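Right, one structure below, let's go through it.
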Amino acid sequence: MHFPKTNAFPRSIMLAKSMGPNPLKICEELLDSANIPAGSVVLDLGSGTGLTSAFMVREYGFNVYAADLWSNPSDNMRFFESLGLDNHRIVPLKADATALPFASDFFDAIVSIDSYSYFGRDPRFLGDRLLPLVKRGGELLFAIPGMKRDCHDDLPACLLASWTPEQLDYMHDAAWWEALIRKTQGVTIVAIDEMECTPEAWADWLECDNDYARNDRAAIEAGALEYLNTIAVHLRRL
Ligand SMILES: C[S@@+](CC[C@H](N)C(=O)[O-])C[C@H]1O[C@@H](n2cnc3c(N)ncnc32)[C@H](O)[C@@H]1O
Numbered sequence: 012m013h014f015p016k017t018n019a020f021p022r023s024i025m026l027a028k029s030m031g032p033n034p035l036k037i038c039e040e041l042l043d044s045a046n047i048p049a050g051s052v053v054l055d056l057g058s059g060t061g062l063t064s065a066f067m068v069r070e071y072g073f074n075v076y077a078a079d080l081w082s083n084p085s086d087n088m089r090f091f092e093s094l095g096l097d098n099h100r101i102v103p104l105k106a107d108a109t110a111l112p113f114a115s116d117f118f119d120a121i122v123s124i125d126s127y128s129y130f131g132r133d134p135r136f137l138g139d140r141l142l143p144l145v146k147r148g149g150e151l152l153f154a155i156p157g158m159k160r161d162c163h164d165d166l167p168a169c170l171l172a173s174w175t176p177e178q179l180d181y182m183h184d185a186a187w188w189e190a191l192i193r194k195t196q197g198v199t200i201v202a203i204d205e206m207e208c209t210p211e212a213w214a215d216w217l218e219c220d221n222d223y224a225r226n227d228r229a230a231i232e233a234g235a236l237e238y239l240n241t242i243a244v245h246l247r248r249l
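Its first residue numbered 12, the sequence shown is counted upward by one per residue in our numbering.
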């Protein structure tokens with residue numbers, strides 16, 4: 012696949028700051044399916060080290076709030092400053108997705124890469140916690156690590172080579188996510204698709220020099236990508 016925007020971003024930074032399959036490629040493919048104009052105010056929910064947040068400011072001209080539970084907002088702000096981004100364009104904050112400190116109808120769009128499965132499996136989360144924060148007509152775009160078909164009743168050995176059944180409980184297929192989202196009023200499903208970049212996003216992740224990436228190698232080398240995908244969820248608030 013072609014990733015002109017990802018390729019414009021220093022690869023060494025991507026390798027150092029990724030927390031999973033190449034978030035930049037995933038973000039670029041996800042945003043290709045939407046038409047969010049430059050200048051939009053965007054929430055990057057579960058932004059981790061802020062890689063996709065900085066990417067969306069630099070490459071798309073958004074004004075980004077980078078909200079994350081585990082990462083340190085001061086570390087993320089120093090990272091943004093090292094890229095020449097200031098606090099007029101990007102705001103890091105420590106926040107729990109289930110209790111976000113924003114006004115209703117605040118965001119033009121919400122993006123969440125490789126994080127939604129931590130908090131979005133609660134059927135009330137979307138309607139009660141997230142949807143009110145985006146303006147009517149605003150877009151919600153989630154890229155979720157998933158399964159081609161749910162196989163929790165008979166987990167293949169290749170998946171168990173790196174992950175426990177409890178960790179794999181976070182992963183579901185597109186039909187599972189669609190059924191969950193359909194329970195929420197006030198939102199339309201624009202599309203729910205498997206993403207094409209999954210194999211190369213994983214290949215980039217396995218190049219990273221950290222214990223999480225090293226842990227994941229066994230499963231991928233044993234054939235886990237026969238079972239795994241990345242699910243792009245594109246919603247619009249009514
Ligand atoms: C696998 S990392 C992905 C980070 C980043 N989006 C990326 O792609 O590099 C998952 C992130 O979800 C965040 N997270 C988990 N539960 C959360 C919650 N309840 N509220 C906000 N963030 C949460 C964690 O802090 C972590 O940074």
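For every residue, glycine included, the Cβ atom is placed at its ideal position computed from N, Cα and C.
Bear in mind the structure is a predicted one, so any value in this text is a computation, not a measurement.
Alpha helix (DSSP H) containing residue i: first to last residue?
i: Phe90; result: Pro84 to Ser93
i: Asp133; result: Neither: Asp133 is in no alpha helix (DSSP H) and is coded neither H nor E.
i: Asp204; result: Taken as a continuous stretch (DSSP letters only), Asp204 belongs to no alpha helix (DSSP H), being part of the beta strand (DSSP E) at Val198 to Glu205.
i: Ile37; result: Pro34 to Asp43
i: Leu171; result: Ala168 to Leu171
i: Thr17; result: Pro15 to Asn18
i: Lys28; result: Arg22 to Lys28
i: Ala230; result: Asp222 to Glu232
i: Leu191; result: Ala185 to Ile192
i: Glu211; result: Thr209 to Leu217
My guess is that residue i and residue j are in contact by the Cβ rule of under 8 Å, so how many angstroms apart are they, rounded?
i: Leu104; j: Tyr76; result: 7 Å
i: Leu152; j: Leu62; result: At roughly 16 Å, the Cβ-Cβ gap does not stay under 8 Å, so Leu152 and Leu62 are not in contact.
i: Val198; j: Leu111; result: With a Cβ gap of about 17 Å, Val198 and Leu111 do not count as contacting.
i: Ala172; j: Ala233; result: 5 Å
i: Met67; j: Val102; result: Met67 to Val102, Cβ: 12 Å. No contact.
i: Met12; j: Cys208; result: 6 Å
i: Ile203; j: Ala190; result: Going by Cβ atoms, the distance from Ile203 to Ala190 rounds to 10 Å, so no, they are not a contact pair.
Since residue i is in the beta strand (DSSP E), which residue starts that stretch and which ends it?
i: Glu150; result: Val145 to Met158
i: Glu177; result: Counting along the chain, Glu177 falls outside any beta strand (DSSP E), though it belongs to the alpha helix (DSSP H) covering Pro176 to Leu179.
i: Pro103; result: Ile101 to Lys105
Give the straight-line distance between the Cα atoms of residue i and residue j, rounded to the nearest whole angstrom.
i: Gly148; j: Glu40; result: 21 Å
i: Asn240; j: Lys159; result: 6 Å
i: Asn18; j: Asn33; result: 12 Å
i: Glu177; j: Pro143; result: 31 Å
i: Trp187; j: Ser23; result: 36 Å
i: Tyr238; j: His99; result: 42 Å
i: Tyr93; j: Arg248; result: The sequence given here has Ser at residue 93, not Tyr. Roughly 35 Å between the two C-alpha positions.
i: Asp165; j: Glu211; result: 27 Å
i: Ala45; j: Cys38; result: 11 Å
i: Thr334; j: Arg135; result: Beyond the ends of the chain as shown, which are 12 and 249, falls residue 334; an answer cannot be given.
i: Asp119; j: Asp86; result: 26 Å
i: Tyr181; j: Leu96; result: 34 Å
Is there at least one non-hydrogen atom of ligand 1 closer than 6 Å to the beta-carbon of residue i?
i: Ala235; result: no
i: Ala65; result: no
i: Gly95; result: no
i: Met30; result: yes
i: Ser128; result: no
i: Ile124; result: yes
i: Leu80; result: yes
i: Ala120; result: no
i: Leu171; result: no
i: Gly59; result: yes
i: Leu141; result: no
i: Pro21; result: no
i: Ala27; result: no
So, does the CB of residue i fall closer than 7 Å to a CB anywhere in chain B?
i: Ala229; result: Of the chains in the structure shown, none is chain B; there is only one protein chain.
Can you tell me which residues form a DSSP beta bridge with residue i?
i: Asn240; result: Gly157
i: Asn74; result: Val52
i: Ser123; result: Phe153
i: Asp116; result: Note: Asp116 sits in no beta bridge, so no partner.
i: Arg247; result: Glu150 and Thr199
i: Asp79; result: Lys105
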